[in-house]
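Beneath this line is the structure, given in structure tokens, with notes to follow.
Below, the structure is given as structure tokens:
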């Protein structure tokens with residue numbers, strides 16, 4: 137079976153700070169991740185309730201997380217700078233990911 141890993145970074149942020157977090161993801165994290173050979177995908181989620189929504193960012197990798205830790209650390213530092221909170225970080229073995237394109241066909245099917 138192919139090894140697929142995921143890293144999850146989660147934190148709480150005031151709703152007004154979400155645009156700054158998204159900008160950091162778009163301008164720094166994603167371009168750097170896309171340069172790495174084993175990068176598969178990235179998802180950022182925001183909880184629907186509460187004055188300080190929880191943000192969960194998930195990156196998916198075709199093998200280990202090597203080479204991406206420095207980028208993840210820089211993102212966590214930026215989150216801390218913007219929000220004043222310390223994000224948590226966890227690594228996972230990814231059991232299954234399926235994503236479908238606009239025609240209903242699988243475009244990601246791992247592992």
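Residue numbers (the working numbering): 137 to 247. From the three backbone atoms N, C-alpha and C, an ideal C-beta is built for every residue, glycine too.
Asked: Environment of residue 236 [buried if 16+ CB atoms lie within 10 Å]; Found: exposed
Asked: Distance between residue 191 and residue 155 (C-alpha atoms, nearest Å); Found: 12 Å
Asked: Endpoints, the beta strand (DSSP E) within which residue 162 is located; Found: Neither: residue 162 is in no beta strand (DSSP E) and is coded neither H nor E.
Asked: C-beta neighbour in chain C for residue 238, strict 9 Å; Found: The structure shown has no chain C; it contains just one protein chain.
Asked: Residue 172 versus residue 244 - alpha carbon distance; Found: 18 Å
Asked: Distance CB(residue 216)-CB(residue 198) smaller than 9 Å; Found: no
Asked: Option nearest residue 143 by Cα separation, candidates 196, 247, 170, 239; Found: 196
Asked: Option nearest residue 152 by Cα separation, candidates 139, 165, 182; Found: 182
Asked: Cβ-Cβ separation, residue 204 to residue 225 (assumed contact under 8 Å), whole Å; Found: The Cβ separation is near 11 Å, so there is no contact.
Asked: Boundaries of the beta strand (DSSP E) in which residue 181 is found, first to last residue; Found: 175-182
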